[in-house]
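If you count by my numbering, then the sequence shown holds residues 59 to 344, one letter each, in order. Idealized CB from N, CA, C, for every residue including glycine. These figures come from a predicted structure and were not determined experimentally.
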Amino acid sequence: MATDSWVNETLYAEWGQRFLVKRELARVQSDFQDIMVFESYSHGRVMLLDGVVQITERDEFVYQEMLTHVPLLAHGKAERVLIIGAGDGGVLRRVLQHKNVKKAVMVEIDGEVIRLAKEFMPGIAGDAWNDPRAEVIVGDGIDYVRKAADASFDVIIVDSTDPIGVGEVLFTEEFYANSARILSAQGLIVNQCGVPFQQADELRETNIRRGKSFGDTWAYVAAVPTYVGGFMTLGWAAKDKALRHVDVATIRARAEANGIAGLTRYWTPEIHVGAFNLPPYISENL
């Protein structure tokens with residue numbers, strides 16, 4: 059069929075993936091990036107930012123669950139959560155599934171991402187946008203963290219693009235120093251750290267920067283099919299090393315008490331604990 063239209067991801071110069079497009083839904087040049095939303099045959103609706111896959115309806119649950127449930131259940135008593143980025147609303151929805159969360163502040167720099175996600179991928183966030191515990195701010199996460207009060211959050215979740223372009227400032231020493239300041243005594247921060255098979259430098263350099271402000275830094279992994287190249291790493295920086303070593307039984311009990319048990323399709327207590335056990339090709343960068 060001569061009318062076949064393919065979208066090629068442009069993350070790497072020499073290697074990539076492509077999707078057969080059923081129909082294009084939106085193409086917007088925002089103040090920050092080129093945003094494309096299309097319907098695929100294989101993965102439901104897909105959002106690309108600057109030619110790089112951010113989210114697909116079919117596999118978003120892997121990334122969102124691991125980025126959210128791991129830090130919140132490792133902490134155990136997180137009531138105040140700051141989300142930076144995550145404009146599709148998927149992390150916000152997962153955070154609000156936790157009964158003990160009293161406030162979730164989400165700061166996304168690009169309002170167009172939120173608008174397009176609401177219009178074309180409403181199932182990702184569900185009713186999260188209307189939850190009274192949620193405060194959604196269109197603005198600069200760096201600026202927000204710089205101005206926030208000391209010890210005002212328990213967990214920070216950073217869901218950004220790769221540390222190039224608009225996402226780069228979320229990986230600096232200053233950002234991590236401010237993050238440590240606005241986190242409570244048991245606080246921790248997690249962030250997207252790339253696919254180390256292809257982006258090992260990102261993991262290595264970010265970990266060095268985090269280590270200047272946090273006593274315990276590491277990474278944990280998730281296998282997200284459309285983040286091609288094997289395991290995706292999620293960066294981990296905590297004030298208390300014990301948070302990384304909570305046992306399966308405790309994590310399970312917290313998930314049940316919190317209302318998370320039975321809601322997940324990737325995360326389990328065993329996967330939670332196991333995700334910190336890294337293959338040497340990944341751990342050597344830490």
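message: Taking 8 Å as the cut-off, does the segment 325-335 touch the segment 117-131 (at least 3 CB pairs, one atom from each stretch)?
response: These segments touch.
message: Excluding the 5 residues flanking residue 166 on each side, which residues of the same chain have their C-beta closer than 7 Å to its C-beta?
response: Within the sequence shown, residue 166 is the residue found at index 108, counting from 1. Taken in chain order, the residues that qualify are 143, 144, 145, 172 and 196.
- prompt: Do you know how far the Cα of residue 105 is from the Cα of residue 111?
  reply: By 1-based counting over the sequence shown, the position of residue 111 is 53. By 1-based counting over the sequence shown, the position of residue 105 is 47. Their backbone Cα atoms lie some 6 Å apart in a straight line.
- request: Could you tell me which residues DSSP pairs with residue 126 in its beta bridges?
  value: Stepping through the sequence shown from its first residue, residue 126 is reached at position 68. According to DSSP, residue 126 bridges with nothing at all.
query: For the segment 169-227, which segments carrying the beta strand (DSSP E) assignment without a break, of at least 3 residues, lie completely within its bounds, in sequence order?
result: Contiguous beta strand (DSSP E) elements confined to the segment 169-227 occur at 192-196 and 211-217, taking only those with 3 or more residues.
- request: Would you kindly check if the distance between the Cβ of residue 273 and the Cβ of residue 297 is under 8 Å?
  value: Residue numbering aside, residue 297 sits at position 239 when the sequence shown is read from its first letter. Residue numbering aside, residue 273 sits at position 215 when the sequence shown is read from its first letter. For residue 297 and residue 273, yes; Cβs fall inside 8 Å.
- prompt: Okay, do the segment 66-86 and the segment 95-102 touch, 3+ Cβ pairs below 8 Å being the bar?
  reply: Segments in contact, yes.
field: Cut-off 6 Å between Cβ atoms - residues of its own chain near residue 63, not counting five sequence neighbours on either side
entry: Your numbering for residue 63 matches position 5 in the sequence shown. 79, listed in sequence order.
message: If you reduce the DSSP assignment to three classes, tell me which class residue 102 lands in.
response: By 1-based counting over the sequence shown, the position of residue 102 is 44. Coil, per DSSP.
- request: Can you tell me which of 69, 125 and 128 puts its alpha carbon nearest to the alpha carbon of residue 108?
  value: Translated into the one-based positions of the sequence shown, residue 108 becomes position 50. Ranking 69, 125 and 128 by CA distance to the CA of residue 108 puts 69 first.
- request: Take residue 147 as the anchor and find which of 193, 159, 128 and 134 has the nearest alpha-carbon.
  value: Along the sequence shown, read from residue 1 onward, the residue named residue 147 stands at position 89. Nearest in C-alpha terms to residue 147, of all of 193, 159, 128 and 134, is 193.
- prompt: To which residues of the same chain is residue 305 closer than 8 Å at the C-beta, ignoring the five residues directly before and after it?
  reply: Against the sequence shown, residue 305 aligns to sequence position 247. Counting only Cβ-Cβ distances below 8 Å, and skipping sequence neighbours, we find 331.
task: Classify residue 265 as helix, strand or coil using the three-state DSSP reduction.
output: As a working mapping, residue 265 is identified with position 207 in the sequence shown. In the three-state scheme derived from DSSP, where H, G and I count as helix and E and B as strand, residue 265 is classed as helix.
field: Straight-line Cα distance separating residue 216 from residue 285
entry: In the sequence shown, the residue the question calls residue 285 occupies position 227. In the sequence shown, the residue the question calls residue 216 occupies position 158. Cα to Cα, residue 285 sits roughly 17 Å from residue 216.
query: What does a CB cutoff of less than 6 Å around residue 234 pick up in its chain, not counting 5 residues either side in sequence?
result: In the sequence shown, residue 234 corresponds to position 176, counting from 1. So the qualifying residues of the chain are 267, 268 and 271.
message: Rounded to whole angstroms, what is the Cα-Cα separation between residue 311 and residue 137?
response: Locating residue 311 in the sequence shown gives position 253, where the first residue counts as 1. Locating residue 137 in the sequence shown gives position 79, where the first residue counts as 1. Between residue 311 and residue 137, the C-alpha separation is close to 17 Å.
message: Which same chain residues end up closer than 8 Å to residue 183 when comparing Cβ atoms and leaving out the 5 residues on each side of it in sequence?
response: Position 125 of the sequence shown, counted from the first residue, corresponds to residue 183. Within the same chain, residue 183 has close Cβ partners 146, 147, 148, 150, 151, 175 and 176.
Reference residue 291; option with closest CA among 313, 301, 249 and 126: The count along the sequence shown starts at 1 and reaches residue 291 at position 233. For the options 313, 301, 249 and 126, the alpha carbon positioned closest to that of residue 291 is the one of 249.
task: Could you tell me the distance, in whole angstroms, from the CA atom of residue 231 to the CA atom of residue 203?
output: By 1-based counting over the sequence shown, the position of residue 231 is 173. By 1-based counting over the sequence shown, the position of residue 203 is 145. Each residue's Cα considered, the two are about 13 Å apart.
message: Once the 5 residues before and after residue 161 are set aside, which same chain residues still bring their CB inside 6 Å of it?
response: Position 103 of the sequence shown, counted from the first residue, corresponds to residue 161. Correct list, in chain order: 138 and 191.
query: Just curious, the beta strand (DSSP E) that residue 282 is in, first and last residue?
result: Along the sequence shown, one-based indexing puts residue 282 at 224. Segment: none, residue 282 is in no beta strand (DSSP E) and carries neither H nor E.
Three-way DSSP call (helix, strand, coil) for residue 291 in this model: In the sequence shown, counting from the first residue as 1, residue 291 sits at position 233. DSSP places residue 291 in strand when its eight states are reduced to three.
field: Reference residue 88; option with closest CA among 100, 170, 115 and 102
entry: For the purposes of this step, residue 88 is taken as the residue at position 30 of the sequence shown. Nearest to residue 88 by alpha-carbon distance, out of 100, 170, 115 and 102, is 170.
- request: Go ahead and label residue 100 buried or exposed: buried means 16 or more other beta carbons lie within 10 angstroms of its beta carbon, across all protein chains shown.
  value: Numbered from 1 along the sequence shown, position 42 holds the residue referred to as residue 100. Under this definition residue 100 is an exposed residue.
DSSP bridge partner residues for residue 300 (one or two, in chain order): For the purposes of this step, residue 300 is identified with residue 242 of the sequence shown, where counting begins at 1. DSSP links residue 300 through a beta bridge to no other residue.
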